[in-house]
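**Student:** Residues 539 to 857 (this note's numbering) make up the sequence shown, in order.
For glycine and all other residues, C-beta sits at the position ideal for the given N, C-alpha and C.
Below is the structure I would like to discuss, written out as structure tokens.
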Amino acid sequence: MPELVTGEAVALDIRVARLASRALALFIDVLLQLMVLYFCMIFVGLSARVSDSAVTIGLALVMVVGVLVGYPTITETLTRGRTLGKLALGLRVVADDGGPERFRQALVRALAGFLEFWTLFGSPALIASLVSPRGKRLGDIFAGTIVIQDRVPVNVMLGPVAIMPPPLAPWAHSLELSRLPDGIAMAARQYLTRFWELAPRVRDEMGRRLTDEVLTYISPPPPSGHRPEIVLSAVLAERRHREERRLAERAARRAAIARRGMPLAVSVPPGFAQPAVIPMGGPPPPPPPSYGGGPTPVPEWLGGAPGATNPPTFLPPTR
Numbered sequence: 539m540p541e542l543v544t545g546e547a548v549a550l551d552i553r554v555a556r557l558a559s560r561a562l563a564l565f566i567d568v569l570l571q572l573m574v575l576y577f578c579m580i581f582v583g584l585s586a587r588v589s590d591s592a593v594t595i596g597l598a599l600v601m602v603v604g605v606l607v608g609y610p611t612i613t614e615t616l617t618r619g620r621t622l623g624k625l626a627l628g629l630r631v632v633a634d635d636g637g638p639e640r641f642r643q644a645l646v647r648a649l650a651g652f653l654e655f656w657t658l659f660g661s662p663a664l665i666a667s668l669v670s671p672r673g674k675r676l677g678d679i680f681a682g683t684i685v686i687q688d689r690v691p692v693n694v695m696l697g698p699v700a701i702m703p704p705p706l707a708p709w710a711h712s713l714e715l716s717r718l719p720d721g722i723a724m725a726a727r728q729y730l731t732r733f734w735e736l737a738p739r740v741r742d743e744m745g746r747r748l749t750d751e752v753l754t755y756i757s758p759p760p761p762s763g764h765r766p767e768i769v770l771s772a773v774l775a776e777r778r779h780r781e782e783r784r785l786a787e788r789a790a791r792r793a794a795i796a797r798r799g800m801p802l803a804v805s806v807p808p809g810f811a812q813p814a815v816i817p818m819g820g821p822p823p824p825p826p827p828s829y830g831g832g833p834t835p836v837p838e839w840l841g842g843a844p845g846a847t848n849p850p851t852f853l854p855p856t857r
């Protein structure tokens, strides 16, 4: 599998698009362009009846260049390396350093593609793709780009993310995870997601560094003899399991409260109208008990009668 070095000096194992998938994506794009050109030529033919011949020729040239060169340039720039054909086949054009395709690169590819496909019927592109180890056509060589397989089957991801390894399950259940920051947990998850895309040397180095960083926030330390990605998978799986259990317990408590018909009150700041008690099913709640002294007058600042007293003091219950 070819290796690509990103701008951050990280080596990635990429999946270069195959010649058959690129040819099928090109066929979809060419078919779409021919359909658009057909309707454009109909418009040019209708405009030729009421306009000068020079205007008609200029309009035809603009439409041909716009469809054959403008379509791939604009679509690949706006969609970061995809045309409709590449989108249907799960392909993407990226720079040689792994970054997104830029407008200049898309324009160079489109201009070279006009010569390769529409002038020379694709023969230079076919020969260059067969000779290049990365399947590059002339447009990719001039623009410094490469076409990769962006969408891959699920079975290609050989290692699932955050699965509990059975040998580490007892250790993971006893972990103290409250101090583990979300940012470090997210970095570990992204590492496991891209585990099989990284070069072996970079993969092992990143795994050891992330594991050492995670172990500074959790306790007790893991048993010896396990690889870093196995330890990270156990930690993330246990963290997810505890979060799911906490959410399930919260939902169960809410369901139990709703079944018992307990009220749900909403608190508001002082100065606003007091909210009504909303019963969650069942009979209405009983009235609050009286603590003696008769009903307490509502103060004026809460909407009571003018001249009412300020908030009353608490009266203890009488025996």
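Decide if the segment 573–588 is in contact with the segment 703–720; the criterion is three or more beta carbon pairs, one per stretch, under 8 Å apart.
**Tutor:** no
**Student:** Any idea if threonine 611 is buried or exposed, counting beta-carbon neighbours within 10 angstroms, 16 or more meaning buried?
**Tutor:** In the sequence shown, the residue the question calls residue 611 occupies position 73. Buried: at least 16 other Cβ atoms inside 10 Å.
**Student:** Pull up the DSSP beta-bridge partners for glutamine 687, would you.
**Tutor:** Within the sequence shown, the letter at position 149 stands for residue 687. Beta-bridge pairing links glutamine 687 to Leu629.
**Student:** Pick out whichever of Ala710, Glu782, Ala723, Pro705 has its Cα sitting closest to the Cα of glycine 763.
**Tutor:** As a first step, residue 763 must be located in the sequence shown, where it is residue number 225. The shortest C-alpha separation from glycine 763 is found at Pro705.
**Student:** Does valine 574 come out as helix, strand or coil in the three-state DSSP assignment?
**Tutor:** The residue given as residue 574 occupies position 36 in the sequence shown. Three-state DSSP puts valine 574 in a helix.
**Student:** Starting from the N-terminal side, write out each stretch of the alpha helix (DSSP H) that is 4 residues or longer and does not extend beyond the segment 614–688.
**Tutor:** 622–627, 641–651, 661–669, 676–681, all fully within the segment 614–688.
**Student:** Would you check if the distance between the CB atom of aspartate 688 and the CB atom of threonine 621 is smaller than 7 Å?
**Tutor:** Translated into positions along the sequence shown, residue 688 becomes position 150. Translated into positions along the sequence shown, residue 621 becomes position 83. No. Outside cutoff.
**Student:** Name the DSSP bridge partner or partners of glutamate 714?
**Tutor:** If you number the sequence shown from 1, residue 714 lands on position 176. Paired residue(s): Ser757.
**Student:** Measuring only the C-alpha atoms, how far is alanine 666 from lysine 674?
**Tutor:** As a first step, residue 666 must be located in the sequence shown, where it is residue number 128. As a first step, residue 674 must be located in the sequence shown, where it is residue number 136. So the two alpha carbons sit approximately 6 Å from each other.
**Student:** List in chain order: all unbroken alpha helix (DSSP H) runs of 4+ residues lying wholly within the segment 719–759.
**Tutor:** Listed in chain order, the complete alpha helix (DSSP H) runs (minimum 4 residues) inside the segment 719–759 are 720–731, 738–753.
**Student:** According to the neighbour-count rule (16 or more other Cβ atoms, all chains shown, within 10 Å of its Cβ), is proline 738 buried or exposed?
**Tutor:** The residue labelled residue 738 in the question sits at position 200 within the sequence shown. With fewer than 16 Cβ atoms within 10 Å of its Cβ, proline 738 is classed as exposed.
**Student:** Take the Cβ of valine 603 as the centre, count every other Cβ of all protein chains shown within 10 Å, and call the residue buried at 16 or more, exposed below.
**Tutor:** What you label residue 603 is simply residue 65 of the sequence shown in a count that begins at 1. Counting Cβ neighbours within 10 Å, valine 603 comes out exposed, since fewer than 16 surround it.
**Student:** Span of the alpha helix (DSSP H) holding alanine 592?
**Tutor:** In the sequence shown, counting from the first residue as 1, residue 592 sits at position 54. First-last of the alpha helix (DSSP H) with alanine 592: 591–603.
**Student:** Is valine 607 helix, strand or coil by DSSP?
**Tutor:** Within the sequence shown, numbered from 1, the residue matching residue 607 stands at position 69. In this structure, valine 607 counts as helix in the three-state DSSP scheme.
**Student:** I need the boundaries of the alpha helix (DSSP H) containing serine 771, first residue and last residue.
**Tutor:** To locate residue 771, count along the sequence shown from 1; it is residue 233. Looking at the DSSP string, the run of the alpha helix (DSSP H) that includes serine 771 is 766–798.
**Student:** Which of the three DSSP states is assigned to valine 582 in this structure?
**Tutor:** For the purposes of this step, residue 582 is taken as the residue at position 44 of the sequence shown. It is helical.
**Student:** Report all residues from its chain with a CB closer than 8 Å to the CB of alanine 707; omit the five preceding and five following residues, and keep chain order.
**Tutor:** Here residue 707 refers to the residue found at position 169 when the sequence shown is read from its first residue. Cβ within range, chain order: Ala772.
**Student:** Which of the three DSSP states is assigned to valine 568 in this structure?
**Tutor:** Taking the first residue of the sequence shown as 1, we reach residue 568 at position 30. The answer is helix: DSSP assigns valine 568 an H, G or I state.
**Student:** Are the CB atoms of valine 605 and valine 574 within a distance shorter than 7 Å?
**Tutor:** Residue 574 sits at position 36 when you count from the first residue of the sequence shown. Residue 605 sits at position 67 when you count from the first residue of the sequence shown. Closer than 7 Å, so yes.
**Student:** Compare the Cα-Cα distances from glutamate 751 to each of Val740, Gln643, Val769 and report the closest residue.
**Tutor:** Within the sequence shown, residue 751 is the residue found at index 213, counting from 1. Distance from the Cα of glutamate 751 is smallest, within the candidate group Val740, Gln643, Val769, for Val769.
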